[in-house]
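What follows is a single structure, written as structure tokens, with notes after it.
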Amino acid sequence: MAGHVGYLKKHTEALVKDVGIEAACELTGKSKATLGRYYSDNAEHADRFIPIDAVAALEAAASYPHVTSALAEIRGITMSYDADRSNSEGEINTDVIKLSQRFALLMAEYNQSIADGVISTNEAKRLLRETTALQKVLIDMKLRLEDEDE
Numbered sequence: 002m003a004g005h006v007g008y009l010k011k012h013t014e015a016l017v018k019d020v021g022i023e024a025a026c027e028l029t030g031k032s033k034a035t036l037g038r039y040y041s042d043n044a045e046h047a048d049r050f051i052p053i054d055a056v057a058a059l060e061a062a063a064s065y066p067h068v069t070s071a072l073a074e075i076r077g078i079t080m081s082y083d084a085d086r087s088n089s090e091g092e093i094n095t096d097v098i099k100l101s102q103r104f105a106l107l108m109a110e111y112n113q114s115i116a117d118g119v120i121s122t123n124e125a126k127r128l129l130r131e132t133t134a135l136q137k138v139l140i141d142m143k144l145r146l147e148d149e150d151e
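Each residue of the sequence shown is one higher than the one before, counting from 2 in the working numbering.
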């Protein structure tokens, strides 16, 4: 678990920021300071994690299940949305174009991040956002292909 502390905290931060700090406070009944402690990389908060009921409330309002996805990745599990989730509009060609665009953005971000030979914390966060956006497109594409298969 020790190796995954930072990973879970980064995804907790992404979840809170996805929902918005004010909305996250309302949804969880937690203060800004408490939520901040859940994703703080400060050593004194290393053993503090967001409660599962707060994760559920936030992920219901978020654009993506950041913490659930992180937990699945740690275990080597692949997630997919249920059949009730609607796909993006368009055809498979639209998804391929979106996939190409997101990948290009990820590579551009990566190129910019390694320009000085070091990937800073902020650069890593931007890379994570682009990777997550790419993952969303892949999930939509997978769902569309599964729908065409039926």
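We treat Cβ as the ideally placed atom computed from N, Cα and C, and that holds for glycine.
- Per the C-alpha coordinates, the member of Met108, Ala116, Pro52 positioned closest to Leu36 is Pro52.
- Under the rule that a run must span 4 or more residues, the alpha helix (DSSP H) segments found entirely inside the region 13-101 read 22-29, 33-40, 53-62, 67-76.
- In this model, Glu14 and Ser101 are separated by some 27 Å (Cα to Cα).
- Take Ala73, set aside five residues on each side of it, and the residues of its chain with a beta-carbon closer than 8 Å to its own are Thr79, Met80, in chain order.
- Here DSSP, grouped into helix, strand and coil, assigns Gly7 to helix.
- Contact between the region 113-124 and the region 61-69 is absent: fewer than 3 CB-CB pairs across the two stretches fall below 8 Å.
- Taking all protein chains in view, the Cβ of Glu131 is crowded by 16 or more other Cβ atoms within 10 Å, so the residue is classified as buried.
- Classified as buried, Ala25 has 16 or more neighbouring CB atoms from the shown chains inside 10 Å of its CB.
- With a 10 Å radius around the Cβ and a threshold of 16 neighbouring Cβ atoms, Ser121 comes out exposed.
- Here the C-alpha atom of Tyr8 lies approximately 11 Å from the C-alpha atom of Ala125.
- Residue environment: Arg76 is assigned as exposed (fewer than 16 neighbouring CB atoms within 10 Å of its CB, all protein chains considered).
- Secondary structure at Ala109: helix, using DSSP grouped into helix, strand and coil.
- Cβ contact annotation for Ala55 (same chain, cutoff 6 Å, sequence separation greater than five): Thr29, in chain order.
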